[in-house]
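The structure appears below as structure tokens.
There are 2 protein chains.
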Amino acid sequence: MPPVSAELRLHRRAPIGRELYGMLRRQILTGVLRPGESIPEATLAERAGVSRTPVREVLRRLADEGFVTIIPQVGTYVAPIRLAAVYDSQFIRETLECRTIRLAAENLTEADAAVLRTNLAAQQASLEAGESDAFFDQDDALHACLVRIAGRPAIWEVIQGVKSQLDRVRYLSLQSGDWPPVLVEEHATLVGHVLAGDAEGAEAAMRAHLRTVFATIERISRVNADFFEKPAP
Amino acid sequence: MPPVSAELRLHRRAPIGRELYGMLRRQILTGVLRPGESIPEATLAERAGVSRTPVREVLRRLADEGFVTIIPQVGTYVAPIRLAAVYDSQFIRETLECRTIRLAAENLTEADAAVLRTNLAAQQASLEAGESDAFFDQDDALHACLVRIAGRPAIWEVIQGVKSQLDRVRYLSLQSGDWPPVLVEEHATLVGHVLAGDAEGAEAAMRAHLRTVFATIERISRVNADFFEKPAP
DNA sequence: GAAGGCATACTAGTATACAAGTAGCCAAAT
DNA sequence: ATTTGGCTACTTGTATACTAGTATGCCTTC
Chain Y
13 MPPVSAELRL HRRAPIGREL YGMLRRQILT GVLRPGESIP EATLAERAGV
63 SRTPVREVLR RLADEGFVTI IPQVGTYVAP IRLAAVYDSQ FIRETLECRT
113 IRLAAENLTE ADAAVLRTNL AAQQASLEAG ESDAFFDQDD ALHACLVRIA
163 GRPAIWEVIQ GVKSQLDRVR YLSLQSGDWP PVLVEEHATL VGHVLAGDAE
213 GAEAAMRAHL RTVFATIERI SRVNADFFEK PAP
Chain R
13 MPPVSAELRL HRRAPIGREL YGMLRRQILT GVLRPGESIP EATLAERAGV
63 SRTPVREVLR RLADEGFVTI IPQVGTYVAP IRLAAVYDSQ FIRETLECRT
113 IRLAAENLTE ADAAVLRTNL AAQQASLEAG ESDAFFDQDD ALHACLVRIA
163 GRPAIWEVIQ GVKSQLDRVR YLSLQSGDWP PVLVEEHATL VGHVLAGDAE
213 GAEAAMRAHL RTVFATIERI SRVNADFFEK PAP
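Protein sequences, first through last, are from chains Y and R.
Just so we're on the same page, the numbering used here is the position in the first sequence counted from 1, plus 12.
Just so we're on the same page, the numbering used here is the position in the second sequence counted from 1, plus 12.
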């Protein structure tokens with residue numbers, strides 16, 4: 013019989029391989045693990061001090077997100093960045109966030125406004141300190157916050173799942189080049205419109221902001237050609 | 013070393029538990045397996061004639077999609093329909109499909125038009141024959157086709173993954189009530205706008221169409237209360 | 001010398017054995 | 001009669017053993 017307590021009991025899930033998942037995801041995202049690199053289950057299991065079973069589940073999930081490629085009886089490899097997937101991710105993200113930010117501009121409360129201002133200040137600090145990794149996370153936090161303000165917190169989970177490939181490009185673009193100042197500026201504009209309750213302006217700013225990545229993709233895929241999938245001959 | 017052939021070789025993947033996944037998904041969707049029902053790994057494994065290992069991967073994926081709830085050391089149960097998830101699914105689907113159908117109306121070719129007309133005719137046939145299961149699939153096929161015409165075939169995969177909870181309501185609504193005629197009518201209107209290249213009208217029709225589900229949710233959740241998550245007390 | 005076949009090492013897929021934790025029942029004590 | 005304690009059956013989580021298939025390097029042969 014179904015436990016009626018299921019709704020109110022907080023299950024202490026067993027995220028044994030949870031940190032392994034996060035570590036691998038991060039390492040692939042940041043390029044510590046480079047596309048094409050072999051990551052056998054046995055090696056990961058041994059390194060983490062666990063058996064292959066939980067490792068397999070982690071890899072299966074990473075494969076679903078497009079981070080690794082599993083070839084049966086051959087091996088598991090860090091997947092190359094697929095440009096087509098990047099463009100699809102951008103399309104979906106733009107579509108969803110441009111709609112949610114309109115709602116955010118309309119539903120804004122004073123408490124939300126304070127959170128947004130705090131985040132912007134933190135970004136400025138990371139920028140001046142040159143901490144690109146911190147900035148990367150704060151960028152995500154701002155967008156997540158906007159989605160939450162829109163009253164659709166679950167949407168961010170979907171975006172998070174979809175933008176995996178986009179994130180890899182985003183990370184590379186933060187490493188080299190002078191994009192962070194531009195992004196902070198755009199974020200400030202974005203938040204400004206939201207604070208003013210200007211839904212129309214906020215959407216336009218978001219659209220422009222999310223398309224900034226386009227300006228870097230070509231250069232990134234040229235400089236870091238080995239990170240990207242080879243185009244069909 | 014990474015096999016360079018990875019891109020062009022077609023890997024004969026080993027979808028051993030693939031049919032089990034489809035069967036379970038279908039059975040939960042159609043209500044053959046009812047929310048709260050216990051589905052132990054061992055039972056499923058024995059029934060399918062395989063070991064627990066592949067069954068676990070299937071269940072893990074179903075859990076990610078919100079079809080089952082896995083409680084460690086307790087059991088695996090068919091998940092109840094979460095109304096909040098249904099509304100989130102609808103929001104995302106509406107946002108994405110309203111944008112893609114605009115593109116579909118603009119990118120339409122003659123071949124696409126023929127496919128759309130064929131699908132509509134098939135729907136009409138299923139309607140008259142009272143085959144609601146076939147209609148369910150044709151409904152999906154039409155929407156998938158529109159997304160493909162828009163030039164974003166990958167988007168449908170995302171929608172497919174998101175609308176799981178929505179589908180359960182959709183299936184229930186097709187079982188009882190006289191909604192199929194309404195939906196076919198809406199599909200015809202939709203396709204009509206696309207065929208006419210009327211992006212504006214197509215989007216409006218799509219929005220109205222995807223919101224039709226709202227009219228049934230309240231009744232469905234009342235009639236089939238045992239399918240839905242109990243609201244917080 | 002080159003090309004083809006074969007053996008070996010390594011991989012993920014699968015099956016099975018073991019461990020840890022939960023819920024429900026039953027008995028005993030109050 | 002009620003409550004509380006423990007015990008048992010059952011579940012998922014994890015580890016390990018085994019299977020099957022692939023790629024590669026070496027050896028043979030032409």
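By construction, the Cβ of each residue, glycine as well, lies at the ideal position given by its N, Cα and C atoms.
So what does residue i bridge to, in DSSP terms?
i: Phe-240 of chain Y; result: Y:Ile-93
i: Ser-50 of chain Y; result: Y:Tyr-89
i: Thr-81 of chain Y; result: Y:Tyr-89
So, does the CB of residue i fall closer than 9 Å to a CB anywhere in chain R?
i: Phe-103 of chain Y; result: yes
i: Ala-211 of chain Y; result: no
i: Arg-180 of chain Y; result: no
i: Arg-37 of chain Y; result: no
i: Ala-97 of chain Y; result: yes
i: Glu-69 of chain Y; result: yes
i: Glu-19 of chain Y; result: The predicted position of Glu-19 of chain Y is uncertain, since its pLDDT is 39 and thus under 50; a value taken from the coordinates is nonetheless stated next. Yes, contact with chain R.
i: Arg-219 of chain Y; result: no
i: Asp-149 of chain Y; result: no
i: Arg-72 of chain Y; result: yes
i: Thr-228 of chain Y; result: no
i: Asp-152 of chain Y; result: no
i: Arg-30 of chain Y; result: no
i: Arg-59 of chain Y; result: no
i: Arg-231 of chain Y; result: no
Between which two residues does the beta strand (DSSP E) containing residue i stretch?
i: Val-194 of chain R; result: Counting along the chain, Val-194 of chain R falls outside any beta strand (DSSP E), though it belongs to the alpha helix (DSSP H) covering 191-207.
i: Val-170 of chain R; result: That residue, Val-170 of chain R, is in no beta strand (DSSP E); its alpha helix (DSSP H) goes 165-174.
What residue range is occupied by the uninterrupted alpha helix (DSSP H) comprising residue i?
i: Ile-232 of chain R; result: 224-235
i: Ala-121 of chain R; result: At residue 121 of chain R the sequence reads Thr, which differs from the Ala that was named. No alpha helix (DSSP H) holds Thr-121 of chain R; DSSP gives it neither H nor E.
i: Ile-40 of chain Y; result: 30-42
i: Val-70 of chain R; result: 64-76
i: Leu-154 of chain R; result: 144-161
Give a yes or no on whether 9 Å exceeds the smallest Cβ distance from residue i to chain Y.
i: Asp-76 of chain R; result: yes
i: Glu-53 of chain R; result: no
i: Met-13 of chain R; result: Note that Met-13 of chain R scores a pLDDT of 40, beneath 50, so its modelled location is shaky; the value from the coordinates is reported in the next line. Judged by the 9 Å Cβ criterion, Met-13 of chain R is in contact with chain Y.
i: Glu-140 of chain R; result: no
i: Arg-7 of chain R; result: Residue 7 of chain R lies beyond the range of chain R shown here (13 to 245); nothing can be said about it.
i: Thr-65 of chain R; result: yes
i: Asp-145 of chain R; result: no
i: Arg-160 of chain R; result: no
i: Arg-129 of chain R; result: no
i: Arg-164 of chain R; result: yes
Quick one: which residues of the stretch 166-177 of chain R get their C-beta closer than 7 Å to a C-beta of chain Y? List them in chain order.
For the stretch 166-177 of chain R, the residues whose beta carbon sits under 7 Å from a beta carbon of chain Y are, in order, Ala-166, Ile-167, Val-170 and Val-174.
Between the stretch 107-124 of chain Y and chain R, which residues of the former have a C-beta closer than 7 Å to a C-beta of the latter?
Thr-107, Leu-108 and Arg-111
Taking a Cβ distance cut-off of 9 Å, strictly less, list which residues of the stretch 187-206 of chain R are near chain Y, in chain order.
none
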